[in-house]
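*Asks:* Please find one structure pasted underneath; my questions will follow.
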């Protein structure tokens, strides 16, 4: 039997501008460096590769972060639609992958901007107070 590899077809999804802006803001305000998302374009990344000194050594974080801090930041990126948890035959794992929206944003790492104070404040309110995503979206 021959091995036939079909090319992986990437589906294109349409997102509202508000969804993209909220996700982009969450991404640039996250404690993670672009290298993490570039790696996730290729494969899943496990918690042990991101937390602690490994995160710094892998160029995923600027400083070592505890598993709890990393998990909280990753869960926020899941909630805004950038990431998803990896699932295997036995359930959820401690690894993460990009969603189609996350892939779209991760492919643009060269054009990521530095978050402004307005970005940070807006991200804080939307994340911690769970305000509707359209709050603070004066960029319409």
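In full-length UniProt numbering, the protein residues as written are 1 to 140. All residues carry an ideal CB built from backbone N, CA and C; glycine is no exception. For clarity, every value in this text was computed on a predicted model and none was experimentally measured.
In this structure, what does DSSP give as the bridge partners for residue 87?
*Replies:* The partner list for residue 87 (beta bridge, DSSP) reads 92.
*Asks:* Where does residue 88 land, buried or exposed, given buried means 16+ other C-beta within 10 angstroms?
*Replies:* With fewer than 16 Cβ atoms within 10 Å of its Cβ, residue 88 is classed as exposed.
*Asks:* Going by beta-carbon coordinates alone, are residue 84 and residue 99 separated by less than 8 Å?
*Replies:* It is a contact, given that the beta carbons lie within the stated cut-off.
*Asks:* I think residue 96 touches residue 22, with their Cβ atoms under 8 Å apart; what is that distance to the nearest whole Å?
*Replies:* Not really, about 19 Å apart at Cβ, beyond 8 Å.
*Asks:* Can you give the Cα-Cα distance for residue 28 and residue 112, rounded to whole angstroms?
*Replies:* Going by the C-alpha atoms only, they are around 7 Å apart.
*Asks:* As an exercise, report each continuous alpha helix (DSSP H) stretch of at least 4 residues that is fully enclosed by the region 26-66, in chain order.
*Replies:* Complete alpha helix (DSSP H) runs here, min 4: 34-42, 47-50 and 52-57.
*Asks:* Can you grab the Cα-Cα spacing for the pair residue 130 / residue 18, in whole Å?
*Replies:* If you take the alpha carbons of residue 130 and residue 18, they lie about 16 Å apart.
*Asks:* Hey, out of 48, 104, 71 and 69, whose CA is closest to residue 24's CA?
*Replies:* Closest option to residue 24, Cα to Cα, is 104.
*Asks:* Determine the direct distance from the alpha carbon of residue 114 to that of residue 26, and round the result to whole angstroms.
*Replies:* When rounded, the distance between both Cα atoms is 12 Å.
*Asks:* Measuring straight from C-alpha to C-alpha, what distance separates residue 122 and residue 62?
*Replies:* Distance between the alpha carbons of residue 122 and residue 62 is about 22 Å.
*Asks:* Where does residue 68 fall in DSSP's three states?
*Replies:* Reduced to three states, the DSSP call for residue 68 is helix.
*Asks:* Going by CA-CA distance only, name the one from 127, 51 and 60 that's closest to residue 94.
*Replies:* Checked all of 127, 51 and 60; the closest Cα to residue 94 is 51.
*Asks:* Quick one: what's residue 98 bridged to in DSSP?
*Replies:* Residue 98 pairs with 83.
*Asks:* Ordered along the chain, which non-local residues of its own chain (more than five positions away) have a Cβ less than 7 Å from that of residue 106?
*Replies:* Cβ within range, chain order: 37, 38, 40, 41 and 98.
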